[in-house]
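The structure appears right after this line, and notes come after that.
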Amino acid sequence: MPTLLLFPLWVLLAAFIFCILSWQRVKVQAAIAVVAGFLYLAAAASLFMEVNQNGIQVIQIGNWPAPFGITLVADLLASGMVLISAVIAFAIILYSIQDISAARKKKGFYPVLLVMMFGVCGSFLTGDIFNLYVWFEVMLVASFVLIVLGNSKKQLEGAVKYVTLSFISSGFLLTGSAILYKLTGTLNMADLSVAIAQHPNPELITVSAVFFLTGFGIKAALFPFFSWLPASYPTPPISVVGLMAGLLTKVGVYALIRFFTLLYTHDLPTTHSVLLVLAGLTMFFGVLGAIAQRNFKKILSFHIVSQIGYMIMGLALFTPLAIAGSIFYIIHHILVKTNLFLISGIVKITNGHYALSKLGGVYDRFPFVTVLFAISAFSLAGIPPLSGFWGKFILAKAGLESGAYVIVAVSLLVGLLTLFSMSKIWVSVFWSAGPATKSNPPQYDSPTLFRRYYCLLLASVFLTLCTLGISFYPDFLISFSEQAAEQLLNPQEYINAVLNP
Numbered sequence: 001m002p003t004l005l006l007f008p009l010w011v012l013l014a015a016f017i018f019c020i021l022s023w024q025r026v027k028v029q030a031a032i033a034v035v036a037g038f039l040y041l042a043a044a045a046s047l048f049m050e051v052n053q054n055g056i057q058v059i060q061i062g063n064w065p066a067p068f069g070i071t072l073v074a075d076l077l078a079s080g081m082v083l084i085s086a087v088i089a090f091a092i093i094l095y096s097i098q099d100i101s102a103a104r105k106k107k108g109f110y111p112v113l114l115v116m117m118f119g120v121c122g123s124f125l126t127g128d129i130f131n132l133y134v135w136f137e138v139m140l141v142a143s144f145v146l147i148v149l150g151n152s153k154k155q156l157e158g159a160v161k162y163v164t165l166s167f168i169s170s171g172f173l174l175t176g177s178a179i180l181y182k183l184t185g186t187l188n189m190a191d192l193s194v195a196i197a198q199h200p201n202p203e204l205i206t207v208s209a210v211f212f213l214t215g216f217g218i219k220a221a222l223f224p225f226f227s228w229l230p231a232s233y234p235t236p237p238i239s240v241v242g243l244m245a246g247l248l249t250k251v252g253v254y255a256l257i258r259f260f261t262l263l264y265t266h267d268l269p270t271t272h273s274v275l276l277v278l279a280g281l282t283m284f285f286g287v288l289g290a291i292a293q294r295n296f297k298k299i300l301s302f303h304i305v306s307q308i309g310y311m312i313m314g315l316a317l318f319t320p321l322a323i324a325g326s327i328f329y330i331i332h333h334i335l336v337k338t339n340l341f342l343i344s345g346i347v348k349i350t351n352g353h354y355a356l357s358k359l360g361g362v363y364d365r366f367p368f369v370t371v372l373f374a375i376s377a378f379s380l381a382g383i384p385p386l387s388g389f390w391g392k393f394i395l396a397k398a399g400l401e402s403g404a405y406v407i408v409a410v411s412l413l414v415g416l417l418t419l420f421s422m423s424k425i426w427v428s429v430f431w432s433a434g435p436a437t438k439s440n441p442p443q444y445d446s447p448t449l450f451r452r453y454y455c456l457l458l459a460s461v462f463l464t465l466c467t468l469g470i471s472f473y474p475d476f477l478i479s480f481s482e483q484a485a486e487q488l489l490n491p492q493e494y495i496n497a498v499l500n501p
């Protein structure tokens, strides 16, 4: 049923309108957001099952035939990304009930959050480049508002860096779009795939690829464009950081995968060799940045950069197994990284700090929170049998089969360094007594924490259970990733669904 494509967008848009009508009534807005989060999750799951059972779903807005109208497309990758974004949105909305202050809620936190999710969902479902740019701008505006909501000096400094790099990225995307349109006369991605394959000047097509690689590379925080991320992510509230950490950079990675499997396959030795080098540098310098930090949130922020390298590694290797590894790793990382930020927020509430030198004793006082952290941290580091191990194993196997021994060695080294940097958090925050325990002993225990901050813990437990599900029962996600990879590497089904319905 093609109209299922619109349901996730309709849910978010309707919830936004109801929140605007309930302005200043923050409890009503929170209730609307929770219901919308659940309905968005249900709509995304329905779309995912429809695509899985009946193939690619396409709808032409206004019944204008492709490539002339606005096209929405859901293949396996797009529907999977919509579903995982709905999982994260639901968890973040639950978490925000206790995390976001009443002052921020009165300034429009929930409507802006829904707009941001609207942009994320549209980015995954759009079938043409110009509307992809529009959805990216919707995300940019909403995320900028979420970053500055509260008007602290650090937030404004982070927002300036974030917006400046985002505007530069948008300029590269518009330039690349203009070049492609001049060369082919279309911006519909299915139509572009056909036109690029037949174009007499592939060198000019490669020039446009450089612009898109740079534009999406900035949004995905690829080396050397990642400096904005650790500068801006530690400043907003955890609900905002968790959402951005889980989804925003992954939208950039999704766009790179879409473009460099559907459009730019005419010069693989050039484009994908560059991607492979960037993947290795992103992994390595990201984890070095994490090791150098002594702040909980900043360590996690640099780890986002490092882990992006693994996702691009699979794309660069460009084999079915490697692409499947990238897809598996994206979904794993969205769950784990979001949860780690949520847990850092719980630690901040119970200890009052993010600086490792001022933290300690969490294991003794809150063993349940410690278990939640350990599961996600060990998964991020790739400790078997957790989900990160499966993702890294698939990518390493694909690299060895392709003879890319250097990138495999880099990925394994980065995994060890990731474990080292996460152990630094473990020792300083959870295992050692720490100055926080000695000078400011808590006035409540774990049961009291749960009663007082139940939404925070429920959101983290929800994501932890999802992580454990794909860790101990990885077959479904591996199978899905392999099918999605086959679909990406054989784009004729996508092209026929859009151009020859």
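Numbering follows full-length UniProt numbering, in which position 83 of the sequence shown is assigned residue number 83; successive positions increment by one, without gaps.
Ideal Cβ positions, reconstructed from N, Cα and C, are used throughout, including at glycine.
Please look up how many angstroms separate the CB atoms of residue i and residue j, rounded, as I've assumed it's under 8 Å.
| i | j | result |
| --- | --- | --- |
| glycine 161 | alanine 231 | The amino acid occupying residue 161 in the given sequence is lysine; glycine does not appear at that position. That pair is a contact at about 5 Å. |
| phenylalanine 302 | glycine 286 | 6 Å |
| leucine 165 | isoleucine 218 | 6 Å |
| glycine 55 | glycine 62 | The pair is not a contact, with the Cβ atoms about 23 Å apart (cut-off 8 Å). |
| isoleucine 179 | phenylalanine 211 | 7 Å |
| isoleucine 93 | valine 34 | 6 Å |
| threonine 338 | alanine 381 | No, threonine 338 and alanine 381 are not in contact; Cβ-Cβ is about 17 Å, not under 8 Å. |
| leucine 183 | aspartate 128 | 16 Å between Cβ atoms; not a contact. |
| alanine 292 | glycine 252 | Actually they are not in contact, since the Cβ atoms of alanine 292 and glycine 252 sit about 24 Å apart, beyond 8 Å. |
| leucine 114 | alanine 36 | 7 Å |
| leucine 278 | isoleucine 312 | 6 Å |
| alanine 355 | arginine 294 | 6 Å |
| leucine 488 | lysine 397 | Rounded, the Cβ-Cβ distance is 19 Å, inconsistent with contact. |
Measure the C-alpha to C-alpha separation of residue i and residue j and round it to an integer number of angstroms.
| i | j | result |
| --- | --- | --- |
| isoleucine 495 | tyrosine 454 | 47 Å |
| threonine 270 | glycine 280 | 16 Å |
| proline 8 | glutamate 50 | 13 Å |
| proline 67 | threonine 261 | 19 Å |
| proline 224 | serine 432 | 36 Å |
| isoleucine 17 | glutamine 24 | 14 Å |
| methionine 81 | leucine 416 | 28 Å |
| residue 521 | aspartate 364 | Since the first residue shown for the chain is 1 and the last is 501, residue 521 is missing from the structure and cannot be characterised. |
| valine 163 | glycine 289 | 22 Å |
| threonine 437 | tryptophan 426 | With a pLDDT of only 48 at threonine 437, under the threshold of 50, the placement of this residue in the model should not be trusted; the figure read from the coordinates follows. The straight-line gap from Cα to Cα measures roughly 15 Å. |
| leucine 477 | valine 58 | 24 Å |
| alanine 255 | phenylalanine 373 | 30 Å |
| valine 371 | alanine 30 | 29 Å |
| serine 439 | asparagine 351 | Residue confidence is low: serine 439 scores 47 on pLDDT, short of 50, so the model does not pin down where it sits. No coordinate-derived value is stated. |
| phenylalanine 389 | phenylalanine 420 | 16 Å |
| serine 376 | valine 148 | 28 Å |
| threonine 3 | glycine 361 | 52 Å |
| leucine 342 | proline 200 | 51 Å |
| isoleucine 20 | tryptophan 10 | 15 Å |
| serine 479 | isoleucine 383 | 21 Å |
| tyrosine 310 | leucine 6 | 32 Å |
| proline 441 | leucine 213 | For proline 441, the pLDDT reaches just 47, beneath the cut-off of 50, and the residue's location in the model is therefore unreliable, leaving the point undetermined. |
| glycine 399 | leucine 174 | 34 Å |
| serine 193 | methionine 422 | 42 Å |
| phenylalanine 318 | histidine 272 | 8 Å |
| valine 112 | lysine 424 | 35 Å |
| isoleucine 196 | leucine 72 | 21 Å |
| glutamine 443 | phenylalanine 226 | Residue confidence for glutamine 443 is low, a pLDDT of 47 falling below 50, so the modelled location carries little weight and cannot support an answer. |
I'd like the span of the beta strand (DSSP E) that includes residue i, first residue to last.
| i | result |
| --- | --- |
| leucine 149 | From DSSP, leucine 149 is part of no beta strand (DSSP E); its letter is neither H nor E. |
Using the DSSP secondary-structure output, state which residues sit across from residue i in a beta bridge.
| i | result |
| --- | --- |
| glutamine 57 | Ala74 |
| threonine 126 | Leu72 |
| asparagine 295 | Ala355 |
Could you check where the alpha helix (DSSP H) with residue i kicks off and where it finishes?
| i | result |
| --- | --- |
| phenylalanine 285 | 268-292 |
| glycine 215 | 202-220 |
| tryptophan 64 | Element bounds for tryptophan 64: n/a, residue is neither H nor E. |
| leucine 12 | 7-21 |
| tyrosine 454 | 454-472 |
| phenylalanine 480 | 475-489 |
| serine 423 | 405-425 |
| tyrosine 233 | Run containing tyrosine 233: none; DSSP gives neither H nor E here. |
| arginine 104 | 102-106 |
| tyrosine 254 | 249-262 |
| glutamine 492 | 492-499 |
query: Counting only runs that start and end within the region 162-200, where is the alpha helix (DSSP H) found for 4 or more residues in a row?
result: Whole alpha helix (DSSP H) segments, 4+ residues: 189-198.
query: Of all the alpha helix (DSSP H) runs that stay within the bounds of the region 319-391, which reach a length of 4 or more residues?
result: 320-351, 362-365, 367-381
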